[in-house]
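According to our numbering, the stretch in the sequence shown is residues 41 to 482, in order.
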Amino acid sequence: MTKGIKIVTIGGGSSYTPELVEGFIKRYDELPIRELWLVDIPAGEEKLNIVGALAKRMVEKAGLPIEVHLTLDRREALKGADFVTTQFRVGLLDARAKDERIPLKNNVIGQETNGPGGLFKGLRTIPVILDICKDIEELCPDAWLVNFTNPAGMVTEAVLRYSNIKKVVGLCNVPVGIKMGIAQALDVTSDRIHVDFAGLNHMVYGLDVYLDGVSILDEVIEKLANPDHSMTMKNIAALGWELDFLRGLKAIPCPYHRYYYKTSEMLEEELEAAATKGTRAEVVKQVEKELFELYKDPELAIKPPQLEQRGGAYYSDAACNLINSIYNDKRDIQPVNTRNNGAIASIADDSAVEVNCIITKDGPKPISVGDLPVAVRGLVQQIKSFERVAAEAAVTGDYHTALLAMTINPLVPSDKIGKQILDEMLEAHKEYLPQFFQKVEM
Ligand code: G6P
41 MTKGIKIVTI
51 GGGSSYTPEL
61 VEGFIKRYDE
71 LPIRELWLVD
81 IPAGEEKLNI
91 VGALAKRMVE
101 KAGLPIEVHL
111 TLDRREALKG
121 ADFVTTQFRV
131 GLLDARAKDE
141 RIPLKNNVIG
151 QETNGPGGLF
161 KGLRTIPVIL
171 DICKDIEELC
181 PDAWLVNFTN
191 PAGMVTEAVL
201 RYSNIKKVVG
211 LCNVPVGIKM
221 GIAQALDVTS
231 DRIHVDFAGL
241 NHMVYGLDVY
251 LDGVSILDEV
261 IEKLANPDHS
271 MTMKNIAALG
281 WELDFLRGLK
291 AIPCPYHRYY
301 YKTSEMLEEE
311 LEAAATKGTR
321 AEVVKQVEKE
331 LFELYKDPEL
341 AIKPPQLEQR
351 GGAYYSDAAC
361 NLINSIYNDK
371 RDIQPVNTRN
381 NGAIASIADD
391 SAVEVNCIIT
401 KDGPKPISVG
411 DLPVAVRGLV
421 QQIKSFERVA
431 AEAAVTGDYH
441 TALLAMTINP
451 LVPSDKIGKQ
461 ILDEMLEAHK
471 EYLPQFFQKV
481 EM
């Protein structure tokens, strides 16, 4: 008899946890999980208890022998883990709201993973993930780290560059979302669709699309310009694309590309939202409140459909399919964030990219795409430079490096405005950025 799998989920009190539990339950026959440890910090204890109780009810209803453990002791949980998934938010949604509002005051996009917001989420998150990596190295050195924490691309980059952990995969639901959106627009099942994904996290392109193995890129491009098929995520306004632009691009952009190709309209939309219904973090806070009220119901033993109001729909599919394929050496193709290893010619071999990979028991093997089309190559490289400089700033706590990251981001219009935003955000997030404020004497 096999001993069964031990999964540890850091940020287990997240409202997304029922997605993950549902995914594990669905796949139990192939993925026999023996222990699921949900870990959180004291500030997340109440949420952990509520969502943990729901997870236990879900497992019980499914009649499966999965033990669900809830703990605030990360090190205790990590001992002997096979897979560690991470889905935490340093500073919780209040920090995200500041990431959105402070840039907006300066007429710059305020977004969770793009522009100044993405930079600051990285600065807060990277030191924590690197601490987790140290614990993994010591307590479960054979485990796979499956990171869902945003900014997932920058976080994967930082783990590859600044930790000793090699078994890391960054995950995102954007590629799954694109594939499902295409299937819906064509009214076919998604298993008939294949997309050649390549780029970076939240900066990924569909270079070609196939239905039953036949390229249908041109048809999908025409559909994408139709407002009924805008294929966006719940957290990104569905502003329509110019058909002639898409015809020129000859690739499928991801929903986040709107921040780069439609910057002024997205800014206007964000300013309007901030002045009326609130920024996305403020909206999500409300959704979370409602979700946790539902989760408290002792009769509830399934993932409530209301969770689909969040941008992370299908995330459990991405996470559970990945774990399943590593565990069972399935050798299927999945788009994940991994070390480039030459798959995209114009990106350094040792950088993280989001690209289709063959998923084996030894992890993802990226499929070579050659080079990206010249029209998108520059933007992808610029974002990669941004991610690398940002990760360096997160590790060193160096002010000049942080200002460099801010200013080279294509959404920041000048060094002066960049510095203004940087200074205000450093102050606003001081509590979560000790590396910038407590210099250790060497
Ligand atoms: C998308 C992204 C995720 C992100 C989520 C935000 O799905 O791919 O990386 O976490 O949206 O959704 P939310 O409901 O928190 O705005």
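Every residue, glycine too, gets a C-beta built ideally from N, C-alpha and C.
**OP:** Would you check if the distance between the CB atom of alanine 95 and the CB atom of valine 148 is smaller than 7 Å?
**Re:** Taking the sequence shown and counting its residues from 1, the one referred to as residue 95 is at position 55. Taking the sequence shown and counting its residues from 1, the one referred to as residue 148 is at position 108. Going by C-beta atoms, alanine 95 is not nearer than 7 Å to valine 148.
**OP:** Give me the Cα-Cα distance between isoleucine 218 and alanine 433, rounded to the nearest whole angstrom.
**Re:** Against the sequence shown, residue 218 aligns to sequence position 178. Against the sequence shown, residue 433 aligns to sequence position 393. Isoleucine 218 and alanine 433 have their C-alpha atoms spaced approximately 32 Å apart.
Original post:
Rounded C-beta distance between asparagine 364 and leucine 88? I'm assuming under 8 Å.
Top reply: For the purposes of this step, residue 364 is identified with residue 324 of the sequence shown, where counting begins at 1. For the purposes of this step, residue 88 is identified with residue 48 of the sequence shown, where counting begins at 1. Actually they do not touch by this definition, with Cβ atoms about 25 Å apart.
Original post:
Nearest CA to the CA of leucine 163: which residue from Asn187, Lys174, Glu177, Pro191?
Top reply: In the sequence shown, counting from the first residue as 1, residue 163 sits at position 123. Nearest of Asn187, Lys174, Glu177, Pro191 to leucine 163, Cα basis: Pro191.
Original post:
Can you tell which of Gly103, Glu116, Ile423 has the C-alpha that lies nearest to the C-alpha of valine 244?
Top reply: Reading the sequence shown from its first residue, position 204 is the one you call residue 244. The residue with the shortest Cα to Cα distance from valine 244 is Ile423.
Original post:
Taking Cβ positions, are threonine 400 and aspartate 369 nearer each other than 7 Å?
Top reply: Here residue 400 is taken as the residue at index 360 of the sequence shown, counted from 1. Here residue 369 is taken as the residue at index 329 of the sequence shown, counted from 1. With respect to the 7 Å criterion, threonine 400 and aspartate 369 are classified as neighbours on the basis of their beta carbons.
**OP:** Write down the C-beta distance between isoleucine 292 and glycine 239 rounded to the nearest angstrom, noting that I regard them as a contact closer than 8 Å.
**Re:** Locating residue 292 in the sequence shown gives position 252, counting from the first residue. Locating residue 239 in the sequence shown gives position 199, counting from the first residue. Actually they do not touch by this definition, with Cβ atoms about 11 Å apart.
**OP:** Confirm the yes/no value for this check: CB of arginine 141, any heavy atom of the ligand G6P, distance under 6 Å.
**Re:** Here the question's residue 141 lines up with position 101 in the sequence shown. For arginine 141, the shortest separation between its Cβ and any heavy atom of the ligand G6P does not lie below 6 Å.
Subject >> Own chain residues within Cβ distance below 8 Å of isoleucine 205, not counting five before or after >> reply: Position 165 of the sequence shown, counting from 1, holds the residue named residue 205. Non-local C-beta neighbours of isoleucine 205 in its own chain, meaning closer than 8 Å and more than five positions away in sequence, comprise Cys173, Ile176, Glu177, Leu185, Val199, ordered along the chain.
Original post:
So which of Arg232, Gly288, Phe285, Lys325 has the shortest CA-CA distance to arginine 136?
Top reply: For the purposes of this step, residue 136 is taken as the residue at position 96 of the sequence shown. Minimum Cα distance to arginine 136 is reached at Lys325.
Original post:
How many Å lie between glutamate 322 and leucine 133 at the Cα?
Top reply: For the purposes of this step, residue 322 is taken as the residue at position 282 of the sequence shown. For the purposes of this step, residue 133 is taken as the residue at position 93 of the sequence shown. Using only the alpha carbons, I get a separation of about 8 Å.
**OP:** Would you kindly report the start and end of the unbroken beta strand (DSSP E) that includes glutamine 421?
**Re:** As a position in the sequence shown, residue 421 is number 381, starting the count at 1. Here glutamine 421 belongs to no beta strand (DSSP E); instead the alpha helix (DSSP H) covers 414 to 436.
Subject >> C-alpha gap between methionine 273 and glutamate 348, whole angstroms >> reply: Translated into the one-based positions of the sequence shown, residue 273 becomes position 233. Translated into the one-based positions of the sequence shown, residue 348 becomes position 308. If you take the alpha carbons of methionine 273 and glutamate 348, they lie about 10 Å apart.
Original post:
Under the criterion of a Cβ to heavy atom distance below 6 Å, does glycine 351 qualify as lining the ligand G6P?
Top reply: Locating residue 351 in the sequence shown gives position 311, where the first residue counts as 1. The nearest non-hydrogen atom of the ligand G6P is less than 6 Å from the C-beta of glycine 351.
**OP:** Work out the CA separation of threonine 165 and alanine 442 for me, nearest whole Å.
**Re:** Locating residue 442 in the sequence shown gives position 402, where the first residue counts as 1. Locating residue 165 in the sequence shown gives position 125, where the first residue counts as 1. About 14 Å.
Original post:
Can you name the start and end residues of the alpha helix (DSSP H) that isoleucine 172 belongs to?
Top reply: If you number the sequence shown from 1, residue 172 lands on position 132. In the DSSP assignment, isoleucine 172 falls within the alpha helix (DSSP H) that extends over 155 to 179.
Original post:
How big is the Cα-Cα spacing for tyrosine 301 and leucine 419?
Top reply: Along the sequence shown, read from residue 1 onward, the residue named residue 301 stands at position 261. Along the sequence shown, read from residue 1 onward, the residue named residue 419 stands at position 379. Cα atoms of tyrosine 301 and leucine 419: separation of roughly 11 Å, rounded to the nearest angstrom.
Original post:
Could you give the residue range of the beta strand (DSSP E) that holds tyrosine 245?
Top reply: To locate residue 245, count along the sequence shown from 1; it is residue 205. Tyrosine 245 -> beta strand (DSSP E) spans 243 to 251.
Original post:
Mind checking whether the beta-carbon of valine 195 lies closer than 6 Å to any heavy atom of the ligand G6P?
Top reply: Position 155 of the sequence shown, counted from the start, is the residue given in the question as residue 195. Short note on valine 195: C-beta not closer than 6 Å to any heavy atom of the ligand G6P.
Original post:
Taking 6 Å as the cut-off, does the CB of arginine 320 come closer than this to any heavy atom belonging to the ligand G6P?
Top reply: The residue given as residue 320 occupies position 280 in the sequence shown. Under cutoff, so the answer is yes.
**OP:** Could you tell me whether the segment 250 to 260 touches the segment 221 to 238, where touching means 3 or more Cβ pairs closer than 8 Å?
**Re:** Touching, yes.
Subject >> Any non-hydrogen atom of the ligand G6P within 6 Å of methionine 273 CB >> reply: Along the sequence shown, one-based indexing puts residue 273 at 233. Result yes, Cβ under 6 Å from the ligand G6P.
**OP:** Could you check if aspartate 268 is buried or exposed, using at least 16 other CB atoms within 10 Å of its CB as the buried criterion?
**Re:** For this step, residue 268 is matched to residue 228 along the sequence shown. With fewer than 16 Cβ atoms within 10 Å of its Cβ, aspartate 268 is classed as exposed.
Original post:
To which residues of the same chain is glutamate 330 closer than 8 Å at the C-beta, ignoring the five residues directly before and after it?
Top reply: Position 290 of the sequence shown, counted from the first residue, corresponds to residue 330. Excluding sequence neighbours, glutamate 330 sits near Gln346.
Original post:
Given alanine 445, which residues of its chain have a CB within under 7 Å of its CB, disregarding the five upstream and five downstream residues?
Top reply: Here residue 445 corresponds to residue number 405 of the sequence shown, with the count starting at 1. Counting only Cβ-Cβ distances below 7 Å, and skipping sequence neighbours, we find Leu159, Phe426, Val429, Ala430, Ala433.
**OP:** In angstroms with no decimal places, state the Cα-to-Cα distance between valine 214 and glycine 44.
**Re:** Numbered from its first residue, the sequence shown carries residue 214 at position 174. Numbered from its first residue, the sequence shown carries residue 44 at position 4. Rounded to whole angstroms, valine 214 and glycine 44 show a C-alpha spacing of 30 Å.
Subject >> Proximity below 7 Å, CB of alanine 183 to CB of valine 228 >> reply: Along the sequence shown, read from residue 1 onward, the residue named residue 183 stands at position 143. Along the sequence shown, read from residue 1 onward, the residue named residue 228 stands at position 188. In this structure, alanine 183 lies away from valine 228, with their beta-carbon atoms at least 7 Å apart.
Original post:
Considering only residues of the same chain and omitting the five flanking positions on each side of valine 395, which have a CB-CB separation below 6 Å?
Top reply: Translated into positions along the sequence shown, residue 395 becomes position 355. Once the five neighbours on either side are set aside, the close Cβ partners of valine 395 are Ala238, Ala383, Pro406.
**OP:** Measure the C-alpha to C-alpha separation of tyrosine 354 and serine 454 and round it to an integer number of angstroms.
**Re:** Walking along the sequence shown from the start, residue 354 turns up at place 314. Walking along the sequence shown from the start, residue 454 turns up at place 414. Distance between the alpha carbons of tyrosine 354 and serine 454 is about 37 Å.
Original post:
Smallest Cα separation from leucine 112: which of Asp284, Thr49, Ala358?
Top reply: Taking the first residue of the sequence shown as 1, we reach residue 112 at position 72. Closest by alpha carbon: Thr49.
Subject >> Terminal residues of the alpha helix (DSSP H) in which phenylalanine 476 lies >> reply: On the sequence shown, residue 476 is found 436 positions in, with the first residue counted as 1. Element bounds for phenylalanine 476: 474 to 477.
Subject >> Sequence-distant residues of its chain with Cβ nearer than 7 Å to aspartate 357 (five each side left out) >> reply: Along the sequence shown, read from residue 1 onward, the residue named residue 357 stands at position 317. Excluding sequence neighbours, aspartate 357 sits near Gly63, Val216.
Subject >> Any non-hydrogen atom of the ligand G6P within 6 Å of valine 416 CB >> reply: Here the question's residue 416 lines up with position 376 in the sequence shown. No; taking the cut-off as 6 Å, the Cβ of valine 416 has no heavy atom of the ligand G6P nearer than that.
**OP:** Flag cysteine 212 as yes when its Cβ comes closer than 6 Å to any non-hydrogen atom of the ligand G6P, and as no otherwise.
**Re:** Residue 212 sits at position 172 when you count from the first residue of the sequence shown. Yes.
**OP:** Tell me, to the nearest whole angstrom, how far the beta carbon of asparagine 154 is from that of isoleucine 169; I am working on the premise that it is less than 8 Å.
**Re:** Looking up residue 154 in the sequence shown gives position 114. Looking up residue 169 in the sequence shown gives position 129. Not a contact, Cβ separation roughly 19 Å.
**OP:** Examine the ligand G6P and report whether any of its heavy atoms sits within less than 6 Å of the Cβ of valine 186.
**Re:** Mapped onto the sequence shown, residue 186 falls at position 146. No, the Cβ of valine 186 stays beyond 6 Å of every heavy atom of the ligand G6P.
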